[in-house]
Structures are given as structure tokens and as C-alpha cells.
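Data block below; observations after.
2 protein chains.
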Amino acid sequence: MTKLQNDIFLRACKRKNVEYTPIWIMRQAGRYLPEYRAVRKKADFLTMCKTPELAAEVTIQPVDLIGVDAAIIFSDILVIPEAMGMHLEMIESKGPRLYNAIRSINDVNNLKQVDAVKDLKYVLDAVSLTKKELNGRVPLIGFAGSPWTLMTYMVEGGGSKNFAEIKKFIYNQPKAAHLLLDKISSSVAEYLSAKIEAGADAVQIFDTWGGLLSPADFQEFSLNYIEKVISKIKRKGQPVIVFAKGVHYQLDKLAESGANVIGLDWTMELGKVRSKIGNKVAIQGNLDPTVLYGSKEKIREEAVKVLKSFGKNNGHIFNLGHGILPDVPPENAKFLVDTVKEESRRFHGKK
Amino acid sequence: MTKLQNDIFLRACKRKNVEYTPIWIMRQAGRYLPEYRAVRKKADFLTMCKTPELAAEVTIQPVDLIGVDAAIIFSDILVIPEAMGMHLEMIESKGPRLYNAIRSINDVNNLKQVDAVKDLKYVLDAVSLTKKELNGRVPLIGFAGSPWTLMTYMVEGGGSKNFAEIKKFIYNQPKAAHLLLDKISSSVAEYLSAKIEAGADAVQIFDTWGGLLSPADFQEFSLNYIEKVISKIKRKGQPVIVFAKGVHYQLDKLAESGANVIGLDWTMELGKVRSKIGNKVAIQGNLDPTVLYGSKEKIREEAVKVLKSFGKNNGHIFNLGHGILPDVPPENAKFLVDTVKEESRRFHGKK
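Written out as C-alpha cells, the structure is:
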């Protein structure tokens with residue numbers, strides 16, 4: 117393996133000394149970049165995911181254009197339900213559709229276990245190719261949806277407003293729900309292990325819909341399975357990041373899930389969370405993504421607030437509190453990256 | 117005024133002794149009731165709001181059918197922007213549209229101050245008529261949107277996915293935003309005062325979109341104006357309830373806003389919040405609305421969890437953590453009301 121020239125992101129994940137606070141941006145390989153839209157013109161979203169050359173190209177774009185300290189492989193969390201046998205379509209401006217939504221224990225039994233090396237070879241090829249093309253410039257992050265978030269899509273058949281179907285499913289068919297969560301957990305663990313084997317330097321688990329649940333339900337239907345996944349990932353020191361959007365409770369338990377890094381959305385105060393969960397794990401986040409609509413002055417002001425809130429300490433990875441929005445000016449994203457690298461230096465070094 | 121036969125809701129708002137935990141349900145006058153849908157067939161949503169006889173009829177339905185301890189006047193928070201001069205339409209299955217969205221200080225200056233007695237006479241007439249028809253059976257709640265939530269609709273021109281426009285507005289035109297919030301605050305305070313004058317026994321402020329904001333922005337753009345509204349409401353002991361969905365931070369500050377009751381969504385633990393904010397205010401909430409999709413057994417189990425979480429103490433009003441969903445079986449709503457009245461008795465009385 118090529119030695120990493122910039123490993124500051126990995127050092128921060130492990131709460132080691134850094135010169136500045138590393139930064140990457142959720143959805144950094146995305147529609148706000150004209151260079152991404154140019155590739156997207158040639159191929160639809162899923163074709164991009166399934167063509168390693170295209171996936172590698174857009175994965176590397178923000179490293180070149182924005183200057184982030186880590187790349188994240190371009191893909192989608194719903195490749196797992198697809199590999200489990202569901203028919204997936206991405207409908208322009210409407211979002212994903214998973215046909216024949218899961219509604220019974222029979223449906224669950226009919227899903228197959230994912231063999232990542234066979235069923236998701238295209239992702240692993242994209243990881244290997246990206247690693248080669250990155251040539252050690254920055255680390256590469258692999259990712260997956262949490263079992264709860266994937267189950268939500270599989271039962272709803274796509275996005276949802278009220279999440280009625282998934283809630284009916286867990287309340288009225290808890291056995292089927294737990295069986296499905298178990299099945300997804302094994303697939304996710306095997307998938308993330310394969311990504312690491314293919315070269316990913318870290319992995320992130322996205323629990324996009326964890327915040328829909330009451331604290332007790334979050335424990336039962338989401339956190340338990342995140343823990344299961346983490347315990348099963350085959351890794352040699354590669355950090356695991358868990359981002360559970362809207363989950364403002366049980367952060368102490370999340371910090372004990374086996375994750376090395378907890379990602380926080382912009383409604384949390386980093387300093388308060390840090391003093392609550394202590395220095396067990398690193399923290400990633402959490403600028404309000406819409407601040408990037410503001411002036412450069414505003415972006416600097418708010419970025420410094422985030423840095424100050426975390427304070428002088430190891431273990432902070434700067435990020436937005438959710439994905440970058442598609443109509444953000446790319447120069448604002450670049451300005452944020454430059455600003456964080458510059459302003460954060462005074463929070464590191466001699467204390 | 118007719119004396120109230122059932123004032124348990126008002127006593128709980130003031131943290132006085134009660135025999136059982138009173139209960140009402142957000143959106144209790146709504147689509148899940150066949151009797152509501154029958155009225156809705158005769159008139160569109162806004163016509164219902166503007167016809168006191170129809171508004172009174174659907175307001176009283178859940179008192180008769182479900183047995184709640186308070187009625188809440190049937191209306192919509194967007195009647196205020198309409199009264200300020202915006203053109204409002206409710207588009208079937210798409211939600212509200214406010215035309216010529218506010219995007220500049222000129223737009224703000226062109227809005228008029230609401231004269232509730234003149235501009236919103238139909239709501240006040242609905243309140244008086246409902247009070248008369250309720251004939252003292254239960255108290256009547258009036259409501260309004262918070263200034264921040266109303267501004268969000270006025271700037272977005274309706275609902276939104278990413279709330280890009282409102283965030284651009286507050287970050288790039290903060291002066292215009294504060295001017296608009298001031299203007300809305302006066303209108304809301306005057307409107308709620310008029311509702312009380314017309315007979316409302318309590319009022320609730322809905323901050324539906326408070327949870328979109330970072331803690332600092334919530335303070336600046338929402339909480340400050342909620343406080344302003346509360347301080348200006350003319351009342352003689354009528355309690356004020358504030359429900360700020362998704363606001364899990366600064367609950368201590370919300371408790372000092374002048375509100376008598378804080379409404380919580382289902383991601384909060386009542387017991388934890390109570391021990392944090394002390395006994396300054398009463399707490400309303402917070403069963404996950406989707407639990408009503410479950411079996412009766414499940415509904416009882418989860419309702420008891422909520423009661424236990426609050427514990428043996430005065431100052432709890434049972435409610436859902438958000439509005440009741442349109443496809444919930446009405447018998448499940450009635451079962452919840454009966455269950456809370458029955459199960460909560462052991463949390464009151466001699467301690």
C-alpha cells in the first residue's frame with residue numbers, strides 16, 4: 117500500500133495530536149460541483165455507482181477542488197437492499213424507490229444474505245481504483261447505512277413523510293423486524309469488512325432515520341444493531357464513525373457502541389456533548405449546512421463558533437451537521453475548508 | 117361565562133392537584149375521524165376555518181367521540197400571514213402555498229399589521245360559538261404559530277425540504293428577518309389576546325420549525341420572539357403552552373420564557389427533562405404518534421411508560437409528541453384516552 121501523505125483525518129479519529137482540525141464534508145462528491153454534474157450528464161446515478169471509473173472520478177473531485185482531508189467513496193446506502201434482492205430505482209427529483217416493499221416475515225425470509233465480494237464487486241472495484249488514483253494523497257472512507265435506516269427504506273419502499281409503514285412494522289411485527297435487522301446487520305458488517313479489505317481507511321455508518329425513534333425504541337431497533345455491526349467488522353485499526361442524525365439522547369451509549377468517532381448534527385453543542393461523553397471517542401461535525409448559503413464573513417464566524425465549542429483538545433473532525441446542499445456555491449465550500457485549516461491551528465499545538 | 121364542569125386540564129397547566137392526568141391530542145379535530153371527513157366533504161379546508169359553525173362542529177367532535185379533557189379550536193397557523201396580506205391556498209395532498217414569498221425588506225414593509233378583531237373576526241366568532249356550544253364541558257384552547265415558524269412559511273412560500281430560502285434570508289438579510297419577526301410577534305400577541313378575550317381558556321404556541329436551528333440561532337430567531345409574544349398576551353391567568361418540535365436543547369431557557377407549559381416531542385424523556393428544568397412549568401406530551409398504529413396492548417404499554425417517566429408529580433398533561441396521523445383508527449385514539457385516564461390515577465392522589 118502507498119503510504120499516506122496526509123493522515124491528519126485518521127490521527128484525529130484516534131484522538132492523536134494534529135496541527136489543525138481535519139475537515140471533510142458529507143456529500144462532498146455531489147451536485148453542488150459543476151465537475152460532478154458534467155459526469156452525471158453522461159450517466160445516471162446508479163450507473164455512476166456501478167462504474168468504478170466514474171465513481172472514482174467523482175470521489176476524487178472534492179480532494180482536488182475543495183481540498184478536503186479525506187475522500188469518501190461515491191456510492192449509495194441502498195446498494196445493500198438491492199444486493200439483498202430488492203429492485204431499486206432512483207427517480208429524478210423524487211428520490212429512491214425500492215419495489216415490493218417488505219411487509220411480512222415471508223418477505224424477510226425471501227431476502228438473500230449479501231456476498232459482498234460477488235454481489236457488490238463494483239463498489240469494491242471502485243474502492244481499489246480510487247485508492248490507486250488517490251495515490252496516498254488522503255485517506256478514503258467507505259460507508260453503509262445503519263440496519264435501522266436500511267430497514268426503514270426497505271419497509272417504506274423509499275422515502276416517507278410520516279414513516280407510518282415502518283412504525284406499524286416494528287410495533288405489530290416485532291419478530292419480523294428483529295429478524296430483518298439481524299439479516300441486514302450481517303450484510304452491512306460483511307460489506308464494510310470487504311470495503312476495508314479493498315482499501316478503505318475508515319468506515320462511516322449513517323443512521324439517517326435514528327432520530328425518528330423514541331429513546332427506548334432507538335436502543336431496541338437501532339443502537340443494538342449498530343453495535344452488532346461494529347463488533348463484526350474485520351479491521352486492523354481502521355476507525356468506525358457513526359452518524360445518527362437527530363439522535364440527541366443516549367449519546368453516552370453511542371460513545372460506548374465500539375465506534376471511534378460520533379458524528380453530530382448541527383443542533384448539538386460540541387462542547388456540551390464532549391463534556392457529557394468525555395474523551396472516549398472523537399467527535400465529527402457539526403456546522404449547519406445552510407451556513408454555506410451565507411457570506412464568507414458569516415461562514416468564518418460560524419466555523420470559528422464550532423471550533424470554539426469543541427475547544428482546545430484532540431479528537432475533532434470538522435464536518436457539516438448533514439450533507440452539503442446541492443445549490444451551495446462551490447467557492448463557499450472551498451472557503452470553509454481553507455478557513456477551518458487556518459483558524460483551527462490555534463486550537464492545537466502547545467496547550 | 118358558564119362554569120367549567122371539567123377543569124382538570126387547566127389545573128394541570130398550573131401544576132395543581134388532579135385526580136388523573138388530563139389528556140388532549142394535537143390535531144384531534146382532524147382527518148382520522150370519519151365525522152370530520154363528512155364535514156370536510158361539504159367544504160374545503162379554509163372554508164371550514166372561516167365558517168364558525170363548521171369550525172365549532174369539528175372542534176367539538178373529539179370531545180364527544182374520544183373523550184379528551186380539552187378542545188382546541190379548529191383553524192390553521194397560516195391565517196396570520198394571510199391576514200398580513202399574503203395570498204394563501206391549501207393545495208390538496210400538497211400542503212399550503214403562500215404566494216409572493218417574502219424575500220426582501222421591501223416585502224416585509226409591505227405587510228400589514230394584523231387587527232385581529234377586524235381581520236380575523238371569523239376565528240374569534242368560531243371561538244365564541246364553540247365556547248357556547250361546549251357549554252362548559254371542557255376548556256377551549258386557542259393557538260398560533262411562533263414568529264419563527266410563521267416567518268419560515270412566509271419566506272419559503274409553503275413547506276420545504278431543505279429550508280434553503282429561510283436560512284439564506286436570516287444569514288444574508290438579518291435586519292429584514294428581525295423586522296419581520298417583530299411584525300409577526302405583534303400580530304401573534306394581538307391575535308392570541310383576542311382569542312382569550314373571545315373565550316379561549318388557554319393558548320398554545322406551535323414552534324414547528326424551531327428544531328431546524330442551531331442552539332444559538334434558536335435563541336436569536338425563535339426563543340426571543342416567543343418570549344416577546346408571551347409578555348404581550350393580555351390574559352387573566354389563562355395558561356400559555358409552548359410546543360417547540362425538535363428543540364431538545366435550551367429547554368431550561370424555554371421554561372423561563374414565561375410559558376406555563378412546555379410541550380415535548382417523543383424523542384425526549386419526560387423524567388429527564390423534568391429533573392433538568394425543575395418544577396417551574398408543567399410538561400405536555402409525549403407519546404410517539406405512531407404508537408397509535410399498534411395493538412391496544414402496545415398502546416397501553418407505551419402510555420404507561422410515558423406516565424412512569426414523568427412520575428408521581430403534578431404538572432403533566434398527556435398528549436402525543438406530535439399531531440395525530442390521518443390514518444390512525446379512531447378507536448385507538450379513544451382507547452388511549454380511556455387508558456390514560458385509568459392508568460394515571462395511581463400517579464396522583466396521596467403520595
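Respectively, the protein sequence lines represent chains A and B.
Per our numbering, the very first residue in the first sequence carries number 117; after that it's consecutive.
Per our numbering, the very first residue in the second sequence carries number 117; after that it's consecutive.
All C-beta atoms in this analysis are idealised placements derived from N, C-alpha and C, irrespective of residue type, glycine included.
Given the structure is predicted, the values throughout are model-derived calculations rather than measurements.
Distance check for residue j and residue i, CA to CA, integer angstroms please.
i	j	result
Val353 (chain B)	Ser309 (chain B)	Note that residue 353 (chain B) corresponds to Gly in the displayed sequence, not to Val. Gly353 (chain B) and Ser309 (chain B): Cα-Cα distance of roughly 12 Å.
Ile433 (chain B)	Lys361 (chain A)	29 Å
Leu370 (chain A)	Ser347 (chain A)	13 Å
Ile312 (chain A)	Leu240 (chain A)	9 Å
Glu281 (chain A)	Glu343 (chain A)	25 Å
Ile124 (chain A)	Asp185 (chain A)	7 Å
Asn429 (chain B)	Pro263 (chain B)	32 Å
Phe322 (chain B)	Gln144 (chain B)	15 Å
Asn226 (chain B)	Asp298 (chain B)	14 Å
Gly258 (chain A)	Lys158 (chain A)	24 Å
Ile218 (chain A)	Arg131 (chain A)	41 Å
Glu173 (chain A)	Thr246 (chain A)	8 Å
Phe161 (chain B)	Leu214 (chain B)	15 Å
Lys248 (chain A)	Leu126 (chain A)	18 Å
Met270 (chain B)	Leu120 (chain A)	50 Å
Glu133 (chain B)	Thr455 (chain B)	In the sequence under discussion, the amino acid at residue 133 (chain B) is Asn, which differs from the Glu named in the question. Computed Cα separation, rounded: 20 Å.
Lys396 (chain B)	Leu367 (chain B)	12 Å
For a contact meaning CB atoms closer than 8 Å, what does residue i contact in chain B?
i	result
Glu385 (chain A)	Pro331 and Tyr365
Tyr287 (chain A)	Thr406, Val407, Tyr409, Gly410, Ser411 and Lys414
Tell me whether residue i is buried or exposed, calling it buried when 16 or more other Cβ atoms sit within 10 Å of its Cβ.
i	result
Ile196 (chain A)	buried
Val233 (chain B)	exposed
Gln470 (chain B)	Outside the modelled stretch of chain B, which goes from 117 to 467, sits residue 470 (chain B), for which no answer is possible.
Pro168 (chain B)	buried
Arg462 (chain A)	exposed
Glu208 (chain B)	exposed
Ser460 (chain B)	buried
Ala260 (chain A)	buried
Pro138 (chain B)	buried
Pro355 (chain B)	buried
His364 (chain A)	buried
Glu198 (chain A)	buried
Val154 (chain A)	A small correction: the amino acid at residue 154 (chain A) is Ala; Val does not occupy that position in the sequence shown. Ala154 (chain A) is exposed by the Cβ-count criterion.
Taking C-beta pairs closer than 7 Å, name the residues in chain B that residue i reaches, listed in chain order.
i	result
Lys283 (chain A)	Thr406 and Tyr409
Leu339 (chain A)	Near Leu339 (chain A) there are no residues of chain B at all, since even the closest Cβ is about 14 Å away, more than 7 Å.
Leu441 (chain A)	Asn278 and Ala280
Tell me whether residue i sits in a helix, a strand or coil according to DSSP, three-state version.
i	result
Leu194 (chain B)	coil
Phe451 (chain B)	helix
Gly401 (chain A)	strand
Gly273 (chain B)	coil
His294 (chain B)	helix
Leu214 (chain A)	strand
Gln177 (chain A)	helix
Glu66 (chain A)	With chain A covering 117 to 467 only, the question about residue 66 (chain A) has no answer from this structure.
Ala226 (chain A)	It should be noted that the sequence gives Asn, not Ala, for residue 226 (chain A). In the structure shown, Asn226 (chain A) sits in a helix (DSSP, three-state: H, G or I).
Gln320 (chain B)	strand
Ala371 (chain B)	coil
Trp377 (chain B)	The sequence shown places Val at residue 377 (chain B), rather than the Trp named in the question. In the structure shown, Val377 (chain B) sits in a strand (DSSP, three-state: E or B).
Phe434 (chain B)	strand
Lys233 (chain B)	It should be pointed out that residue 233 (chain B) corresponds to Val in this sequence rather than to Lys. Of the three classes helix, strand and coil, the one that applies to Val233 (chain B) here is helix, per DSSP.
Ala172 (chain A)	helix
Val358 (chain A)	strand
Gly261 (chain B)	strand
Ala187 (chain A)	strand
Leu308 (chain B)	helix
Ile300 (chain B)	helix
Ile139 (chain A)	strand
Leu256 (chain A)	strand
Lys119 (chain A)	coil
Glu385 (chain A)	coil
Ala159 (chain A)	coil
Ile440 (chain A)	coil
What in chain A is Cβ-close to residue i, meaning under 8 Å?
i	result
Phe279 (chain B)	Thr406
Output, in sequence order along the chain, the residues in the stretch 420 to 432 of chain A whose CB is closer than 8 Å to any CB in chain B.
-> Lys421
Residues of the stretch 298 to 332 of chain B with a CB closer than 8 Å to any CB of chain A: list them in chain order, please.
-> Gly327, Leu329, Ser330, Pro331 and Ala332
What residues from the stretch 372 to 397 of chain A come within 9 Å of chain B, judged by C-beta to C-beta, listed N to C?
-> Trp382, Thr383, Met384, Glu385 and Lys388
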